[in-house]
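In what follows, a structure is listed as structure tokens, so that the remarks can point back to it.
Protein chains: 2
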Amino acid sequence: MNKMQESENCKNCSCKTSIFSSLTPDELEQINQGRYTVNYKPGEILFKQGTPSPHFVCLTKGLAKLYIEGYGKNLILALVKPVDYIFGPGTYVDNRHYYSAAAVDETTACLVDVNIFKKLIRQNPDFAEEFIQRLSRQAIFNFDQVISLTQKQMPGRIADVLFYLREKIYGKNPFEISISRQDLADLSGMSKESSIRILKELKDEGILKVTGNTVEILNEKQLRQISQTG
Amino acid sequence: MNKMQESENCKNCSCKTSIFSSLTPDELEQINQGRYTVNYKPGEILFKQGTPSPHFVCLTKGLAKLYIEGYGKNLILALVKPVDYIFGPGTYVDNRHYYSAAAVDETTACLVDVNIFKKLIRQNPDFAEEFIQRLSRQAIFNFDQVISLTQKQMPGRIADVLFYLREKIYGKNPFEISISRQDLADLSGMSKESSIRILKELKDEGILKVTGNTVEILNEKQLRQISQTG
DNA sequence: ACATTCCATTGATCTATCTCAATAATGTGA
DNA sequence: TCACATTATTGAGATAGATCAATGGAATGT
Numbered sequence: 001m002n003k004m005q006e007s008e009n010c011k012n013c014s015c016k017t018s019i020f021s022s023l024t025p026d027e028l029e030q031i032n033q034g035r036y037t038v039n040y041k042p043g044e045i046l047f048k049q050g051t052p053s054p055h056f057v058c059l060t061k062g063l064a065k066l067y068i069e070g071y072g073k074n075l076i077l078a079l080v081k082p083v084d085y086i087f088g089p090g091t092y093v094d095n096r097h098y099y100s101a102a103a104v105d106e107t108t109a110c111l112v113d114v115n116i117f118k119k120l121i122r123q124n125p126d127f128a129e130e131f132i133q134r135l136s137r138q139a140i141f142n143f144d145q146v147i148s149l150t151q152k153q154m155p156g157r158i159a160d161v162l163f164y165l166r167e168k169i170y171g172k173n174p175f176e177i178s179i180s181r182q183d184l185a186d187l188s189g190m191s192k193e194s195s196i197r198i199l200k201e202l203k204d205e206g207i208l209k210v211t212g213n214t215v216e217i218l219n220e221k222q223l224r225q226i227s228q229t230g
Numbered sequence: 001m002n003k004m005q006e007s008e009n010c011k012n013c014s015c016k017t018s019i020f021s022s023l024t025p026d027e028l029e030q031i032n033q034g035r036y037t038v039n040y041k042p043g044e045i046l047f048k049q050g051t052p053s054p055h056f057v058c059l060t061k062g063l064a065k066l067y068i069e070g071y072g073k074n075l076i077l078a079l080v081k082p083v084d085y086i087f088g089p090g091t092y093v094d095n096r097h098y099y100s101a102a103a104v105d106e107t108t109a110c111l112v113d114v115n116i117f118k119k120l121i122r123q124n125p126d127f128a129e130e131f132i133q134r135l136s137r138q139a140i141f142n143f144d145q146v147i148s149l150t151q152k153q154m155p156g157r158i159a160d161v162l163f164y165l166r167e168k169i170y171g172k173n174p175f176e177i178s179i180s181r182q183d184l185a186d187l188s189g190m191s192k193e194s195s196i197r198i199l200k201e202l203k204d205e206g207i208l209k210v211t212g213n214t215v216e217i218l219n220e221k222q223l224r225q226i227s228q229t230g
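These protein sequence lines are chains Z and V, in that order.
Position 9 (the first sequence) corresponds to 9 in my numbering; numbering is contiguous.
Position 178 (the second sequence) corresponds to 178 in my numbering; numbering is contiguous.
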């Protein structure tokens, strides 16, 4: 199971560089107080859709997926890597999670009491503004995703996911995907068989190089074209 | 074209009852200062996706649709009726609209300078919190919509839209839809021909009564069932 | 090393949904 | 009131994508 562990102070943590940059040392110390660190093994659930949401999660190591459990299958909303935090919309509505989160790789996360967070939002306008910016960016990302999922055909959707993985998650070009083909399918709203087939097609056309879990985008222009065409 | 008009004070406006309830009289007066009222005829555009977003919009009369212009077709994100306001995610990101808005019925809206809004967010924590709640609820709504669009078949999607129209927009059971069949299709992510066919099927099965633009849900339980089944 | 389990791959079939095309109905302006 | 334009409806054909079923590979535990 997960083991708890004492960790260093927030003040030295790389998390500080993201939204927390607008916090004063004193406020950061408050975050530090109501905080604990947890390790997760691949596949382990951080939290389940529908359960209460008493804290927000800051990922310090590893990779996690956020997914909605729908009718029979899942939709992966996003992957989360360090340093990023997970703050579901339920926190300000009914204190419930509206999606589940699970570790993909070996993952470490800090859990912080949500009330401290809310208090800081009220008392620090810079922090509040930063947070609203975050929510806004997320909403924009979701718009792009919806359009991709509802208006593009499978090759276009896979192309979008591949760009997402390269640019936002792994950040380099031959990249090794730690997510499964099923996850790839859940990211692009199709069956896993279809995701495999499309991947193979792109490989056969020389647009991708696929070796096991390593993917390289060979012909960026053409893949971009496929993303546009739908 | 649209005619500008002087209108009463925000203090007497029914808009006050929504998010603005947390504003002090003085703050409400600030909103009132940087505000003007515009009328739109059916079909007229309130703002276009991609254009700058210098104010937020408060709907005081009529009905508007918010839609993303995608690849060849539109996706309607939501319908907006009084008293509700439209605040796109671009405002806190790059000051661009990420969706378009158009009047469905004869519509009146108040446009308020977004900088006043942002200033009030910073100075009034209750208002900020209220606003974050709004964004959160919207995100949750979007989640439901994505799942409906990507994981349900056409009858389920139409069922969801019909419930949405009855509960959130028209608020009564035999309701007259002022939106077109194309809009219905854009709400449920299908072609207009398909939306018409599904509507007819539901009518033939006795679940709906459809006369022109008037729709009545006759068998709520069965329609709920269809929504669930996908 | 071997068995077991899970994940990836491939092929064949089936079906939900789109597209195209034709017709009907409704609204609109002169 | 009539012509024109827009929207709604219906049918037939084409297809993207799902599902089912079988097989191959890799990882894991004993």
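Heads up, the beta-carbon is just placed ideally off N, CA and C, and yes, glycines get one too.
Since this is a predicted model, take the numbers as computed values, not measurements.
Exercise for review: Give a yes or no on whether the minimum CB-CB distance between residue 147(V) and chain Z is below 8 Å.
Suggested key: Mapped onto the second sequence, residue 147(V) falls at position 147. So yes, residue 147(V) belongs to the interface.
In chain Z, what lies closer than 8 Å to residue 136(V) by C-beta? Start at 1 with the first residue of the second sequence, and residue 136(V) comes out as number 136. Ordered by position in chain Z, the residues that pass the 8 Å Cβ test against residue 136(V) are 89, 90, 91, 92, 93, 135.
### Message
Please classify residue 74(V) as buried or exposed, where buried requires at least 16 other C-beta atoms within 10 Å of its C-beta.
### Response
Taking the first residue of the second sequence as position 1, residue 74(V) is located at position 74. Residue 74(V) should be labelled buried.
Comparing the CB of residue 202(V) with every heavy atom of the ligand MN, is any distance shorter than 7 Å?
-> In terms of ligand content, the structure shown is empty, and the ligand MN therefore cannot be addressed.
* Report buried or exposed for residue 188(Z), applying the criterion of at least 16 other Cβ atoms within 10 angstroms of its Cβ. => Indexing the first sequence from 1 puts residue 188(Z) at position 188. The residue is buried, with at least 16 neighbouring Cβ atoms inside 10 Å.
_Quick check on this structure: which residue in 132(V), 101(V), 90(V) has the alpha carbon closest to the alpha carbon of residue 94(Z)?_
Reading the first sequence from its first residue, position 94 is the one you call residue 94(Z). Measuring from the Cα of residue 94(Z), the nearest candidate turns out to be 132(V).
Open item on the list: Give me, in chain order, the residues of the same chain whose beta-carbon lies closer than 7 Å to that of residue 153(V); leave out the 5 immediate sequence neighbours on both sides.
Closed with: Translated into the one-based positions of the second sequence, residue 153(V) becomes position 153. Cβ neighbours of residue 153(V) beyond the five flanking positions: 230.
Self-check item: Simplified DSSP assignment, three categories, for residue 71(Z)
Solution: If you number the first sequence from 1, residue 71(Z) lands on position 71. Reduced to three states, the DSSP call for residue 71(Z) is coil.
Rounded separation between residue 3(Z) and residue 107(Z) - CA only: Mapped onto the first sequence, residue 3(Z) falls at position 3. Mapped onto the first sequence, residue 107(Z) falls at position 107. In this prediction, residue 3(Z) has a pLDDT of 39, which is less than 50 and means its spatial position is unreliable; nothing more can be read from the coordinates.
May I ask which residues mark the beginning and end of the alpha helix (DSSP H) holding residue 36(V)? Walking along the second sequence from the start, residue 36(V) turns up at place 36. Careful: residue 36(V) lies outside any alpha helix (DSSP H), inside the beta strand (DSSP E) at 35 to 40.
### Query
Would residue 3(V) count as contacting chain Z if we go by Cβ distances under 8 Å?
Within the second sequence, the letter at position 3 stands for residue 3(V). Reliability fails at residue 3(V), whose pLDDT of 39 lies under 50, so the model's placement of it is uncertain and no value is given.
Sheet register partners of residue 217(V) (DSSP bridge):
As a position in the second sequence, residue 217(V) is number 217, starting the count at 1. Beta-bridge pairing links residue 217(V) to 208(V).
Give me the residue from 197(Z), 58(Z), 173(Z), 148(Z) with the minimum Cα distance to residue 228(Z). Numbered from its first residue, the first sequence carries residue 228(Z) at position 228. With distances taken between Cα atoms, residue 228(Z) lies closest to 148(Z).
Within 8 Å, strictly: CB atoms of residue 194(V) and residue 126(V) = Walking along the second sequence from the start, residue 194(V) turns up at place 194. Walking along the second sequence from the start, residue 126(V) turns up at place 126. In this structure, residue 126(V) does not lie closer than 8 Å to residue 194(V) by Cβ.
query: Span of the beta strand (DSSP E) holding residue 149(Z)?
result: Numbered from 1 along the first sequence, position 149 holds the residue referred to as residue 149(Z). First-last for residue 149(Z): 125 to 151, but that is the alpha helix (DSSP H), not the beta strand (DSSP E).
Margin query: Just to make sure I have the definition right: I need the residues of chain V whose C-beta is within less than 8 Å of the C-beta of residue 150(Z). Which are they?
Written below: The sequence position of residue 150(Z) within the first sequence is 150, counting from 1. Correct list: 70, 75, 149, 150, 189.
Notebook entry, point to check: Is the beta carbon of residue 34(V) less than 8 Å from the beta carbon of residue 112(V)?
Noted result: Residue numbering aside, residue 34(V) sits at position 34 when the second sequence is read from its first letter. Residue numbering aside, residue 112(V) sits at position 112 when the second sequence is read from its first letter. A Cβ-Cβ contact shorter than 8 Å links residue 34(V) with residue 112(V).
**Chain-order list of residues whose beta-carbon lies under 7 Å from that of residue 222(V) (same chain, five-residue window excluded)** = Your numbering for residue 222(V) matches position 222 in the second sequence. Excluding positions up to five away in sequence, the list reads 207.
From 163(V), 67(V), 20(V), pick the residue whose C-alpha is nearest to that of residue 104(V); which is it? If you number the second sequence from 1, residue 104(V) lands on position 104. Selected option, being the one with the closest Cα: 67(V).
Take the Cβ of residue 65(V) as the centre, count every other Cβ of all protein chains shown within 10 Å, and call the residue buried at 16 or more, exposed below. Translated into the one-based positions of the second sequence, residue 65(V) becomes position 65. Classification of residue 65(V): buried, given that the 10 Å Cβ count is 16 or more.
What separation, rounded to the nearest whole angstrom, lies between the Cα atoms of residue 190(Z) and residue 181(Z)?
For the purposes of this step, residue 190(Z) is taken as the residue at position 190 of the first sequence. For the purposes of this step, residue 181(Z) is taken as the residue at position 181 of the first sequence. Near 11 Å, if we compare the C-alpha coordinates of residue 181(Z) and residue 190(Z).
**Request:** Enumerate in chain order the residues of its own chain whose CB-to-CB distance from residue 81(Z) is below 7 Å, with the five nearest sequence positions on each side excluded.
**Result:** Here residue 81(Z) refers to the residue found at position 81 of the first sequence. These residues qualify, in order along the chain: 59, 63, 169.
ask   = Which bits of chain Z does residue 206(V) rub up against, with CB to CB less than 9 Å?
value = Looking up residue 206(V) in the second sequence gives position 206. Here the premise fails: no neighbours, minimum Cβ distance about 25 Å.
Review point. Closest to residue 220(V) by CA distance: which of 120(V), 146(V), 162(V), 201(V) is it?
Key: Along the second sequence, one-based indexing puts residue 220(V) at 220. Selected option, being the one with the closest Cα: 162(V).
Residues near residue 18(V) by beta carbon distance below 6 Å, same chain, minus five either side: Translated into the one-based positions of the second sequence, residue 18(V) becomes position 18. These residues qualify, in order along the chain: 83.
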